[in-house]
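What follows is a short report on a single structure.
In my numbering, the protein residues as written are 94 to 345.
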């Protein structure tokens, strides 16, 4: 009996090569997204900051390398790092003043408007810059899906060292060293991304009422559920975008 011939070896090889090249960009993008860039500067910062951070964390029942969450307010201008405890709850570890932030309360909407963003951002390792002009930095990922849906423009908005800012959050070099070290250790222990929530002010009922007449009040009402959900559960809520609005679901 005569058997039907299969694909000729050279044709099969060509097909495999073609599939490899088609998949390669996606594979590389995935690898890049999970790779933490490093430099002599970032290595030196990590080694310098690590011992004291380890001691301070241990004193509060926390551990370097545990997942972290960052929350920024503009008024007061502060950045807080929360570290996850063994029970899954995020505990405030350290709050620093933001040394410099430009603009006023309200979201960034246009390239060049001098505003720093407000909203919900996710930092993957590839967004970390160990060779920043401003010592060390990470890209917030603005515009996010909400920003793009609303036609907001801009790019390369950072949290960085030094004390000068145009649309960014400048923390000074020693402070960004600590933030970088906490994030690097968390990435190295398996955290795939760090959530950063940016608010105009603490989203209490009293503050929202005091700003009810502001043109940004409706936007801020859309941010408030994430603040409340975190305050009530100690866990980072799930935030998605539907149409031109944020949708917040408290962590279970």
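All residues carry an ideal CB built from backbone N, CA and C; glycine is no exception.
As the structure is a prediction and not an experimental result, all values here were calculated from the model.
Is residue j closer than 8 Å to residue i when the C-beta atoms are compared?
i, j, result
"residue 254", "residue 246", "no"
"residue 210", "residue 200", "yes"
"residue 41", "residue 227", "The question about residue 41 has no answer, for the chain in this structure spans 94 to 345."
"residue 51", "residue 163", "The chain is shown from 94 up to 345; residue 51 falls before or after that span and cannot be answered."
"residue 182", "residue 345", "no"
"residue 292", "residue 320", "yes"
"residue 261", "residue 252", "yes"
"residue 258", "residue 338", "no"
Which class does residue i belong to by DSSP, given the choice of helix, strand or coil?
i, result
"residue 264", "coil"
"residue 163", "strand"
"residue 300", "helix"
"residue 292", "strand"
"residue 231", "strand"
"residue 345", "coil"
"residue 336", "coil"
"residue 156", "coil"
Would you mind giving the Cβ-Cβ distance between residue i and residue j, rounded to the nearest angstrom? I have them listed as a contact below 8 Å.
i, j, result
"residue 317", "residue 301", "6 Å"
"residue 204", "residue 234", "Actually they do not touch by this definition, with Cβ atoms about 16 Å apart."
"residue 232", "residue 249", "6 Å"
For the alpha helix (DSSP H) holding residue i, just list the boundary residues, first then last.
i, result
"residue 144", "133 to 152"
"residue 238", "238 to 242"
Between which two residues does the beta strand (DSSP E) harbouring residue i extend?
i, result
"residue 222", "221 to 225"
"residue 252", "251 to 253"
Whole beta strand (DSSP E) runs in the region 168 to 217 with 3 or more residues, listed along the chain? 170 to 177, 183 to 190 and 212 to 216
Quick check on the DSSP output: what are the complete alpha helix (DSSP H) runs of length 4 or more inside the region 303 to 329, in order along the chain? 310 to 326
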